[in-house]
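Peer 1: Pasting in a structure now, in structure tokens, and then I'll have a few things to ask.
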Amino acid sequence: MPEGLVLFNTLTAGKESFLPPEEGPVKVFSCGPTVQDYMHAGHARTYVFYDTMVRYLRHLGHRVEFLMNITDIDESIEAAAERAGVKAADYASARIEAYRRDMDGLGISTLSGFVRVSEYVPQMIRLTAALLERGYAYMADGIVYFDTARYPHLGQLAHQSRAELKLRPIELSEHKKDLLDFSLWRPAPSGGARMESPWGEGWPGWHIQDTAVTSTHFGQRYDIHGGAHELIYPHHEAEIAQAEALTGVRPFVRYWVHCGLVKKGGRKMSKSEGNIVYAKDILSRYGADAVRLYMLSHHYREDFEFDEGELARKKEAYASMRERPLKAGEGADAGAVERLLSRFRGLMNDDFDSPRAVDFAVRLAGRVDGDGREVRAEDAAAALSVISGVLGVNFVEERSL
RNA sequence: GGAGGGGUGUCGGAGCGGUUACGAGCUCGCCUGCAGAGCGAGUCCACAUGGGUUCGAAUCCCAUCCCCUCCUCCA
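Numbers 3 to 403, taken from my numbering, label the letters of the first sequence in order.
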């Protein structure tokens, strides 16, 4: 087992050793939700994973800033608000509150910022203006487009050439110079809220929203960008193009860490498929510990079928484990505890192998180590107390003061 | 075309170099007025294919075949 954390980087399509930045905290950004509806199990999986990733990085001693955006400007929100007969802004605010409740319910406690993109419109306008000024963008039919022909590295994340990318054109329009160009600013849709800009009242493009948030808080480069792998193209590809065109700093993000999707009925869970299971429902039925245990028992890069029976079994397993809880207390042998934790780290260091780490924790709760050898209750409890903090699952009963 | 994940006994599903995982189903037995539940035993030690490394591979390496997911918006 190689020393230190190794993670899979989509950009290089391979596992790499994680090297922290030369100075300052590890800066982590993950794509957050568009608040058109409540959080579903797929979102929950994603957020639980990145939360765990950040907990683990902190456990390793890194200082981490973890930022997530909330997309609260979107046609789907306007549409949902109209169906509900309320104003879009009110609708978005209510859904954001619901999201915060679900995030809390899931034990996602690592965020240093969970920000609404609508508060970053001035930055989006500034970035768009700068791209226009430097010739990386142009106007056509009232829309400001990013000129992908000017950026030579498009496709680096998806590992595809421009020709291959063109097989899947985005944002169809006859006014674009190139099939691959994407919008930075466009006129407001009818009935939608309007935002002032030098190019008329309108809306920011999707991709510039995240770039505005991260450039504000993280500057020209940051360390880890997360999100599900469905976002690689065009979203993440566009983010890279915008940022690097503007700053010339490559790579814009050092490690791209994409997670897999949750499926239901063989297809990815999504509103349009109509196969959604809401996070709030599984939380109330099974509890945060069981839900996290279930999510983390699948490796983050793996797509998996949402199986409620399996989740129910996790709940039972967790409940029976808690019937005779280990109590964190005195009498632990520091050396033995450290050996157990180093074993745990060995697992997590291999591209965040949470399924095996969870298995290890469950065994430890039964006072058995990874080799099936018995562990003293005091040592197991002390190690589990730390592991609980990393996985966000309570395996021990903390001593009440 | 690209990327990721897989191919294990009837099914589901572990396994990460060396003791039959486990669960479900099925079969038989015990129990029972019958059925079920429960208990016990069994379901011939299975791992996509072909090579290789090794004293030893489902587990590591190479090649091949097949399956699933994702690549408009989307976590």
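Just so it is clear, CB atoms sit at the ideal spot from N, CA and C, and this is done for glycine as well. Computed from a predicted model, the values in this text were never measured in an experiment.
Using 10 angstroms around the beta-carbon of alanine 15, count the other beta-carbons present and answer buried if the total reaches 16, otherwise exposed.
Peer 2: By one-based count along the first sequence, residue 15 stands at place 13. With fewer than 16 other Cβ atoms within 10 Å, it is exposed.
Peer 1: Evaluate contact between the segment 35-48 and the segment 85-101, counting only Cβ atoms and requiring at least three cross-stretch pairs below 8 Å.
Peer 2: Enough Cβ pairs lie closer than 8 Å, so yes.
Peer 1: Does the structure place the segment 266-273 close enough to the segment 281-298 that three or more beta carbon pairs sit under 8 Å?
Peer 2: Output reads no: the segment 266-273 does not touch the segment 281-298.
Peer 1: Should lysine 178 be labelled buried (16 or more other beta-carbon atoms within 10 Å of its own) or exposed?
Peer 2: Here residue 178 corresponds to residue number 176 of the first sequence, with the count starting at 1. That one is buried.
Peer 1: Nearest by alpha-carbon distance to serine 199: which of Ala131, Ala81, Asp355 and Arg170 is it?
Peer 2: Numbered from its first residue, the first sequence carries residue 199 at position 197. Checked all of Ala131, Ala81, Asp355 and Arg170; the closest Cα to serine 199 is Ala131.
Peer 1: Of all the options Ser114, Asp53 and Asp373, which has the alpha carbon lying nearest to the alpha carbon of phenylalanine 220?
Peer 2: What you label residue 220 is simply residue 218 of the first sequence in a count that begins at 1. Out of Ser114, Asp53 and Asp373, Ser114 has the C-alpha closest to the C-alpha of phenylalanine 220.
Peer 1: On the criterion of 16 or more Cβ atoms from any shown chain inside 10 Å, does leucine 134 qualify as buried, or is it exposed?
Peer 2: In the first sequence, counting from the first residue as 1, residue 134 sits at position 132. Under this definition leucine 134 is a buried residue.
Peer 1: Going straight from the alpha carbon of alanine 290 to that of alanine 314, what length do you get?
Peer 2: Working through the first sequence from its first residue, we reach residue 290 at position 288. Working through the first sequence from its first residue, we reach residue 314 at position 312. Each residue's Cα considered, the two are about 12 Å apart.
Peer 1: Would you mind giving the Cβ-Cβ distance between glycine 1 and alanine 190, rounded to the nearest angstrom? I have them listed as a contact below 8 Å.
Peer 2: The structure shown does not extend to residue 1, since the chain is modelled only from 3 through 403, so no value can be given for it.
Peer 1: Would you report the Cα separation of tyrosine 257 and phenylalanine 31, rounded to the nearest angstrom?
Peer 2: In the first sequence, counting from the first residue as 1, residue 257 sits at position 255. In the first sequence, counting from the first residue as 1, residue 31 sits at position 29. Spanning the two alpha carbons is a distance of roughly 11 Å.
Peer 1: Please list the terminal residues of the continuous beta strand (DSSP E) segment that includes valine 37.
Peer 2: One-based indexing of the first sequence puts residue 37 at position 35. Per DSSP, valine 37 belongs to no beta strand (DSSP E) and is neither H nor E.
Peer 1: Quick one: using the 10 Å Cβ neighbour count with 16 as the cut-off for buried, is leucine 13 buried or exposed?
Peer 2: Translated into the one-based positions of the first sequence, residue 13 becomes position 11. Leucine 13 is buried by the Cβ-count criterion.
Peer 1: Should glutamate 239 go down as buried or exposed, given a rule of 16 or more other Cβ atoms within 10 Å for buried?
Peer 2: Here residue 239 is taken as the residue at index 237 of the first sequence, counted from 1. With 16 or more Cβ atoms within 10 Å of its Cβ, glutamate 239 is classed as buried.
Peer 1: Quick check: what's the CA-CA separation for histidine 237 versus isoleucine 72?
Peer 2: For this step, residue 237 is matched to residue 235 along the first sequence. For this step, residue 72 is matched to residue 70 along the first sequence. For histidine 237 and isoleucine 72, the distance between alpha carbons rounds to 15 Å.
Peer 1: Exposed or buried, aspartate 53, counting other C-beta atoms within 10 Å across all chains shown (16 or more means buried)?
Peer 2: Counted from its first residue, the first sequence places residue 53 at position 51. The residue is buried, with at least 16 neighbouring Cβ atoms inside 10 Å.
Peer 1: Is the CB-CB distance between lysine 317 and tyrosine 288 below 8 Å?
Peer 2: The count along the first sequence starts at 1 and reaches residue 317 at position 315. The count along the first sequence starts at 1 and reaches residue 288 at position 286. Result yes, Cβ atoms of lysine 317 and tyrosine 288 sit closer than 8 Å.
Peer 1: Enumerated in chain order, which unbroken segments of the alpha helix (DSSP H) with a length of 4 residues or greater are wholly contained in the segment 96-175?
Peer 2: List check, alpha helix (DSSP H) in window: 123-135 and 164-167.
Peer 1: May I have the straight-line CA-CA distance separating leucine 174 from leucine 181, to the nearest angstrom?
Peer 2: For the purposes of this step, residue 174 is identified with residue 172 of the first sequence, where counting begins at 1. For the purposes of this step, residue 181 is identified with residue 179 of the first sequence, where counting begins at 1. Distance between the alpha carbons of leucine 174 and leucine 181 is about 7 Å.
Peer 1: Alpha carbon to alpha carbon, how far is leucine 167 from alanine 330?
Peer 2: Within the first sequence, residue 167 is the residue found at index 165, counting from 1. Within the first sequence, residue 330 is the residue found at index 328, counting from 1. Straight-line Cα distance between these residues: approximately 55 Å.
Peer 1: According to DSSP, which residues form a beta bridge with phenylalanine 72?
Peer 2: Position 70 of the first sequence, counted from the start, is the residue given in the question as residue 72. The question names phenylalanine, but residue 72 in the sequence shown is isoleucine. According to DSSP, which records beta bridges pairwise, isoleucine 72 is partnered with Arg118.
Peer 1: Helix, strand or coil for glycine 194? Go by DSSP, reduced to three states.
Peer 2: On the first sequence, position 192 is the one that residue 194 refers to. Three-state DSSP puts glycine 194 in coil, outside helix and strand.
Peer 1: Taking the straight line between their C-alpha atoms, what separation do you get for aspartate 355 and tryptophan 201?
Peer 2: Taking the first sequence and counting its residues from 1, the one referred to as residue 355 is at position 353. Taking the first sequence and counting its residues from 1, the one referred to as residue 201 is at position 199. Computed Cα separation, rounded: 48 Å.
Peer 1: Starting from glycine 281, trace the alpha helix (DSSP H) in both directions and tell me its first and last residue.
Peer 2: Here the question's residue 281 lines up with position 279 in the first sequence. The sequence shown places alanine at residue 281, not glycine. First-last of the alpha helix (DSSP H) with alanine 281: 281-298.
Peer 1: How far does the beta strand (DSSP E) with histidine 45 in it extend, from its first residue to its last?
Peer 2: As a working mapping, residue 45 is identified with position 43 in the first sequence. Looking at the DSSP string, histidine 45 is not in any beta strand (DSSP E); the run it does join, the alpha helix (DSSP H), is 43-61.
Peer 1: Output the distance between the C-alpha atoms of serine 217 and proline 124, rounded to the nearest integer angstrom.
Peer 2: As a position in the first sequence, residue 217 is number 215, starting the count at 1. As a position in the first sequence, residue 124 is number 122, starting the count at 1. The alpha-carbon atoms of serine 217 and proline 124 are separated by roughly 12 Å.
Peer 1: Does the Cβ-Cβ distance between serine 398 and proline 327 come in under 8 Å?
Peer 2: Here residue 398 refers to the residue found at position 396 of the first sequence. Here residue 327 refers to the residue found at position 325 of the first sequence. In the sequence on display, residue 398 carries valine and not serine. For valine 398 and proline 327, yes; Cβs fall inside 8 Å.
Peer 1: Residues in its own chain within less than 6 Å of serine 111 by CB, not counting five upstream and five downstream?
Peer 2: One-based indexing of the first sequence puts residue 111 at position 109. Hits under 6 Å: none found.
Peer 1: By alpha-carbon positions, which one of Ala43, His64 and Lys282 ends up nearest to glycine 6?
Peer 2: As a first step, residue 6 must be located in the first sequence, where it is residue number 4. The shortest Cα separation from glycine 6 among Ala43, His64 and Lys282 belongs to His64.
Peer 1: Count the other CB atoms, across all protein chains shown, that sit within 10 Å of the CB of proline 23; report buried if there are 16 or more and exposed otherwise.
Peer 2: Indexing the first sequence from 1 puts residue 23 at position 21. With fewer than 16 other Cβ atoms within 10 Å, it is exposed.
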